[in-house]
Amino acid sequence: EAENFSFHGNHEEAKASYAAAITSARCSRFIHEQGLACELAGFHYKKIGDHVSAWSFFNQAKQCYADWGSQVKVDSINRQLELFRLHLPEAKS
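Here is the structure:
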């Protein structure tokens, strides 16, 4: 649902849906689902230009994947964070 809202530009609805997905996964103790929801939220916030929130969600995703034991996903998020950092306006000055 959050992805659909994001795709169609309904940003407030997307934010609420990502938050609900993250909370639901956390409450159900589905750490891998929480990681995925955080990762997708990170991409959404990156797309709309909220780099601080995007960075935070990507880091939350990385921690979830680490807790789940998926080094492949941790490495993937680390690469994403490095690319993201290189494209931040502050990193260019």
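Residue numbers for the sequence shown follow this note's numbering, beginning at 91 and rising by one. A virtual CB, placed ideally from N, CA and C, is assigned to each residue, including glycine. Nothing here was measured: the structure is a model prediction, and the numbers come from that model.
Can you tell me whether residue i is buried or exposed? The criterion is at least 16 other CB atoms within 10 Å of its CB, across all chains shown.
i	result
Arg175	exposed
Cys164	Sequence check: residue 164 is Val here, not Cys. Looking at its Cβ environment, which holds 16 or more other Cβ atoms inside 10 Å, Val164 is buried.
Gln161	exposed
Cys117	exposed
Asn168	exposed
Ala115	buried
Anyone know if the C-beta pair for residue i and residue j falls short of 7 Å?
i	j	result
Phe148	Gly125	no
Ala127	Ser107	no
His141	Ser96	no
Ala151	Glu123	no
Ile121	Asp157	yes
Determine the closest residue to residue i out of the options, with distance taken between C-alpha atoms.
i	options	result
Leu171	Asp157, Gln153, Trp158 and Gly159	Gln153
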